[in-house]
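The sequence shown lines up with residues 369 to 653 when you count with the working numbering.
C-beta: ideal position from N, C-alpha, C; glycine also.
Input: a single structure, listed below in structure tokens.
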Amino acid sequence: MDEEKYLGYIKYDGKLVENGLMDARKQAQALLGYDAALRYFVGKQAPELRNLDFEIPVRIKKGSWEALIPETVVGWMQAGLGVVATAYFTKAAQKMAEKDFADFGIADIFKKAVEAVKWFARIGTHMGDVSIRKFEKTKFSDDNLLIGICNDKGDYLYIPKSIFDLYISSSPRLLEKIAENITEGRGLKIGTFHDGEPDEVTIDITNKAIFCKDEDEDADDVVLPELVHGDTVVLEGEVTREKRVFNILCQPVITLCGHPVVPRSGSTVVTGSGSSSVQDVSSAR
369 MDEEKYLGYI KYDGKLVENG LMDARKQAQA LLGYDAALRY FVGKQAPELR NLDFEIPVRI
429 KKGSWEALIP ETVVGWMQAG LGVVATAYFT KAAQKMAEKD FADFGIADIF KKAVEAVKWF
489 ARIGTHMGDV SIRKFEKTKF SDDNLLIGIC NDKGDYLYIP KSIFDLYISS SPRLLEKIAE
549 NITEGRGLKI GTFHDGEPDE VTIDITNKAI FCKDEDEDAD DVVLPELVHG DTVVLEGEVT
609 REKRVFNILC QPVITLCGHP VVPRSGSTVV TGSGSSSVQD VSSAR
């Protein structure tokens, strides 16, 4: 394998994939999960690229199942999308000239996205919990480019500050679909290449639960399981009642799945049709 030609990868290895084979549905889930994670970090850096389609080439070899991102990913995207991509990248280049994209190009955006996926896994295995967003006893490197986070064992992990900022804004469920494929005999590696050498994080059955829900967890008490914590969403429903305190009108309350839903922050907006939407709901149970 010409490692220097790739930016990064996800790889399943172990006894269950010794011949490079994996169930078609699991392969699809892995690719969609990796695609979603990369697209998320690309969109965080450059919202103009968020809705642009791109393909991930898959390479299968004996001993493992791998999905790799080539260094030529931008050219790959342009070739696959033709005139549409060419016109789009021309516009994106103009935006960059206006300093809307910071001081790097599209290729660098993808490199950082690939790095961010790997670091998400590394931070998760270090902390033992990907839902933590407030860190105590942090340290900085002398040049302030690295931030050190401390786990419950007192060990520090130093992370590039730009990557740490992306991690803080991400959903704890970012790698859920990829991690769900992990089982006895099939582990996961998420990595990047530096000067042709792989730098990877291993997730196996012992730390799988850090990244996805326990299969035995009862999901019946979750009213809206499709919602992702931290995302801004719009939910529509009928107004069931309005809260009043001392005759002062408070925000209307809507009912979804038989439960009243009130945003932790944001507002409930009533439209002229009598329906309403709840803005910025983090979770509903």
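Same chain, Cβ closer than 8 Å to E386, five either side skipped, listed in chain order: In the sequence shown, residue 386 corresponds to position 18, counting from 1. Excluding residues within five positions, the ones whose Cβ falls inside 8 Å are K430, G431.
Start-to-end residues for the beta strand (DSSP E) that takes in L525: Working through the sequence shown from its first residue, we reach residue 525 at position 157. Taken as a continuous stretch (DSSP letters only), the beta strand (DSSP E) holding L525 covers 524-528.
Whole-number beta carbon distance between S530 and S488, since they are thought to touch under 8 Å: By 1-based counting over the sequence shown, the position of residue 488 is 120. By 1-based counting over the sequence shown, the position of residue 530 is 162. Note on residue identity: the sequence assigns Phe, not Ser, to residue 488. With a Cβ gap of about 14 Å, F488 and S530 do not count as contacting.
Entirely enclosed alpha helix (DSSP H) segments - the stretch 464-518, minimum 4 residues: For the stretch 464-518, whole alpha helix (DSSP H) runs of length 4 or above, ordered along the chain, are 474-495.
7 Å Cβ shell around V452 - same chain, five flanking residues per side excluded: Taking the sequence shown and counting its residues from 1, the one referred to as residue 452 is at position 84. Here the model assigns V452 a pLDDT of 48, short of 50, so the residue's position is not dependable, and the following value carries that caveat. Cβ neighbours of V452 beyond the five flanking positions: none.
Cβ neighbour criterion (16 or more within 10 Å) applied to H494: On the sequence shown, position 126 is the one that residue 494 refers to. H494 should be labelled buried.
Exposure of K611, with buried meaning 16 or more beta-carbon neighbours within 10 Å: Counted from its first residue, the sequence shown places residue 611 at position 243. In this predicted model, K611 has a pLDDT of only 46, less than 50, meaning its place in the structure is not dependable; the value taken from the coordinates is given anyway. So K611 counts as exposed.
Residue range of the unbroken beta strand (DSSP E) whose run includes V410: By one-based count along the sequence shown, residue 410 stands at place 42. Segment 392-413 is the alpha helix (DSSP H) holding V410; no beta strand (DSSP E) there.
Alpha-carbon to alpha-carbon, I578 and L556: In the sequence shown, counting from the first residue as 1, residue 556 sits at position 188. In the sequence shown, counting from the first residue as 1, residue 578 sits at position 210. Straight-line Cα distance between these residues: approximately 13 Å.
A435, enclosing beta strand (DSSP E) - first and last residue: Taking the first residue of the sequence shown as position 1, residue 435 is located at position 67. From DSSP, the beta strand (DSSP E) with A435 extends over 432-438.
Extent of the continuous alpha helix (DSSP H) run through K545: As a position in the sequence shown, residue 545 is number 177, starting the count at 1. Run containing K545: 544-547, per the alpha helix (DSSP H) assignment.
D572 - containing beta strand (DSSP E), residue span: Here residue 572 is taken as the residue at index 204 of the sequence shown, counted from 1. Judged by DSSP secondary structure, D572 falls outside any beta strand (DSSP E); it is assigned neither H nor E.
Three CB pairs or more closer than 8 Å across the stretch 512-523 and the stretch 547-555: By the Cβ criterion, the stretch 512-523 is not in contact with the stretch 547-555, since fewer than three pairs of Cβ atoms, one from each stretch, lie closer than 8 Å.
Neighbourhood of Y374 by C-beta, 8 Å cutoff - its chain only, sequence neighbours within 5 removed: For the purposes of this step, residue 374 is taken as residue 6 along the sequence shown, with counting starting at 1. Excluding its 5 nearest sequence neighbours in each direction, Y374 has C-beta neighbours in its own chain below 8 Å: L436, I437, P438, E439, F561, listed in chain order.
Nonlocal neighbours in the same chain, by C-beta distance under 6 Å from E434, ignoring five residues either side: For the purposes of this step, residue 434 is taken as the residue at position 66 of the sequence shown. The beta carbon of E434 lies closer than 6 Å to those of Y377, K379, R427 in the same chain, with the five residues before and after it left out.
Residue environment, K383, which counts as buried when at least 16 other CB atoms sit within 10 Å: What you label residue 383 is simply residue 15 of the sequence shown in a count that begins at 1. A residue is called buried when at least 16 other Cβ atoms come within 10 angstroms of its Cβ; K383 does not meet this threshold and is exposed.
Cut-off 6 Å between Cβ atoms - residues of its own chain near P566, not counting five sequence neighbours on either side: Along the sequence shown, one-based indexing puts residue 566 at 198. The answer, listed in chain order, is G559.
heavy atom of the ligand ATP below 7 Å from K480 C-beta: Absent from the structure shown: the ligand ATP. Ligands present: none.
Cross-strand partners of I558 (DSSP beta bridge): Here residue 558 is taken as the residue at index 190 of the sequence shown, counted from 1. Looking at the DSSP assignment, I558 forms a beta bridge with I378, V569.
Selected residue, minimal CA-CA separation from T574, among G564, A547, D563: Counting from one through the sequence shown, the residue named residue 574 turns up at place 206. Taking T574 as reference, the option from G564, A547, D563 with the minimal CA-CA separation is A547.
Of the residues L399, Y524, G388, the one placed nearest L543, counting alpha carbons only: Walking along the sequence shown from the start, residue 543 turns up at place 175. If you compare the alpha carbons of L399, Y524, G388 with that of L543, the shortest gap goes to L399.
Same chain, Cβ closer than 6 Å to K576, neighbours up to 5 away in sequence not counted: Taking the first residue of the sequence shown as position 1, residue 576 is located at position 208. Here the set comprises A547, I550.
Contact under 8 Å by Cβ, F409 with L534: Within the sequence shown, residue 409 is the residue found at index 41, counting from 1. Within the sequence shown, residue 534 is the residue found at index 166, counting from 1. Contact annotation: F409 and L534 have beta-carbon atoms nearer than 8 Å.
For I531, three-class secondary structure by DSSP: Numbered from 1 along the sequence shown, position 163 holds the residue referred to as residue 531. I531 sits in a helix when the DSSP states are folded into three classes.
Burial state of E504, where buried means 16 or more other Cβ atoms lie within 10 Å: To locate residue 504, count along the sequence shown from 1; it is residue 136. Exposed.
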